[in-house]
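Working notes, beginning with the structure itself.
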Amino acid sequence: MYSQIAANKRKTIYLIVGFILLVTALGLIFSLFTIGDPSITLYVIAVALLYATVAYYVSSRAALSLNKAQQIAKKDNPRLYRIVENLSITNGLPVPQVYVMDDPAPNAFATGRDPQHASVAVTSGLLQIMTDQELEGVLAHEMGHVKNYDIRVSMIVFGLVAAISIIADVLLRMTWFRDNDNNNSNGIIVLVGIAAAIIAPLIAIIIQMAVSRKREYLADATGALTTRYPEGLASALEKIKKTGSAVKHQNTSTAHLFFANPLKGKGVTTMFSTHPPIDDRIARLKQMETHQ
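If you count by our numbering, then the sequence shown holds residues 298 to 589, one letter each, in order.
Pasting the structure below:
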């Protein structure tokens, strides 16, 4: 378990570095081909980071609101609250705010910029079909996200993806409105601008998917390490595989937060999913069982 946690942390760092390099490259293209001043790159990077920071601070409440999560007290669901409290004590973390979503699909998510501002939300469907050990496995996974600051990472990455898309759109528009002093050079600039505007957001999304999948594996490993019972989490995933995890209120902007993919559809949707295949997650957990 420890080796898997360490490996996933390293891979996430590499992917974040790749993100920063992509923003830098896009900023350089933006400055050279539209304004002609490479120093503008620094301003582009600053704007991207500022946008990501703002998104990071406001996204937590937005995620809870968009998914119609309702905060509960301990008396509203003692079983759920007790498991969250026990896991918080085990991890040495503050008890997060607890929310429930009225949805038959078994799913959950955690949000919050740090352990002091964390929230966990579960669907009514998850509470209905999971045993205590399975529910503990799912919540240990979500508390793993909190413990590993995964939400901070995912929110910053999400903000950078949005910033890259905005910069690419501006780049594309500015290429069309350049002075046509030299038809040949202008044509090359337009082609470079179009290519950058199309390719950069696509690469950004691919990096976001990779970061999100690595954090899911990391949360699985952390959750299994917390409970010392990988079977509980594996069993929960088996149930979700059979019943499906798509929620009623579909929202692509918060899909990366969920325990299992909350979106409907296959094909391209699955290809660009923020979640690794359930079968692969189960296989890794079963491998942990044999190495305990």
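Where a beta carbon is used, it is the ideal one built from N, C-alpha and C, also for glycine.
Since Ser-542 is in the alpha helix (DSSP H), which residue starts that stretch and which ends it?
Element bounds for Ser-542: n/a, residue is neither H nor E.
Less than 7 Å between C-beta atoms, sequence neighbours within five positions excluded: which residues of the same chain meet that for Lys-438?
Rather than Lys, the amino acid found at residue 438 in this sequence is His. Ala-516, Asp-517, Gly-520, Leu-530 and Phe-556, listed in sequence order.
Output the distance between the C-alpha atoms of Glu-382 and Ala-465, rounded to the nearest integer angstrom.
Glu-382 and Ala-465 have their alpha carbons spaced roughly 45 Å apart.
What does DSSP give as the partner residues of Ala-417 in its beta bridges?
The displayed chain sequence assigns Val, not Ala, to residue 417. According to DSSP, Val-417 shares a beta bridge with Val-395 and Ala-407.
If you count every other CB in all the chains shown that lies within 10 Å of the CB of His-553, and 16 or more means buried, which is it?
His-553 comes out buried.
Which stretch, first to last residue, makes up the alpha helix (DSSP H) that contains Ala-557?
Taken as a continuous stretch (DSSP letters only), Ala-557 belongs to no alpha helix (DSSP H), as it is neither H nor E.
Does the separation of the CB atoms of Ser-451 and Ser-357 fall below 8 Å?
no
Can you tell me whether Ala-437 is helix, strand or coil according to DSSP?
helix
Suppose the cutoff is 7 Å on Cβ atoms and the five residues either side in sequence are ignored; what does the same chain contact list for Glu-586 look like?
Pro-527 and Glu-528
Indicate the three-state DSSP secondary structure (helix, strand or coil) for Ala-366 in the structure shown.
strand
Member of Gly-422, Ile-500, Leu-432 and Leu-423 whose CA lies at the smallest distance from the CA of Val-454
Ile-500
Would you kindly work out how many angstroms separate the C-alpha atoms of Tyr-348 and Ala-460, rounded to a whole number?
Straight-line measurement puts the Cα of Ala-460 at about 6 Å from the Cα of Tyr-348.
Where His-442 falls, given that 16 or more other Cβ within 10 Å makes a residue buried:
buried
Would you decide whether Thr-350 is buried or exposed? Buried here means 16 or more other CB atoms lie within 10 Å of its CB.
exposed
Could you have a look at Pro-527 and say whether DSSP puts it in helix, strand or coil?
helix
Would Ala-360 pass as a contact of Tyr-396 if the rule is Cβ separation under 8 Å?
Against a cut-off of 8 Å, the Cβ pair of Tyr-396 and Ala-360 comes out as no contact.
Collapsed DSSP secondary structure at Met-568 in the structure displayed
Note on Met-568: pLDDT 49, under 50, position unreliable in the model; the coordinate value appears next. Met-568 carries a helical assignment under DSSP once its states are collapsed to helix, strand and coil.
Quick one: residues in its chain with C-beta nearer than 7 Å to the C-beta of Gly-315, no 5 flanking neighbours on either side, listed in chain order?
Ile-504
Enclosing alpha helix (DSSP H) for Ser-385 [first to last residue]:
375-388
Can you check which of these residues, Ser-570, Thr-387 and Asn-374, is closest to Ser-421 by C-alpha distance?
Closest option to Ser-421, Cα to Cα, is Asn-374.
Enumerate in chain order the residues of its own chain whose CB-to-CB distance from Arg-510 is below 6 Å, with the five nearest sequence positions on each side excluded.
Take Arg-510, set aside five residues on each side of it, and the residues of its chain with a beta-carbon closer than 6 Å to its own are Pro-573, in chain order.
Look at Ile-463 and Thr-540 and say whether their C-beta atoms are less than 8 Å apart.
no
Could you tell me whether the Cβ atoms of Gln-368 and Gln-394 are closer together than 8 Å?
yes
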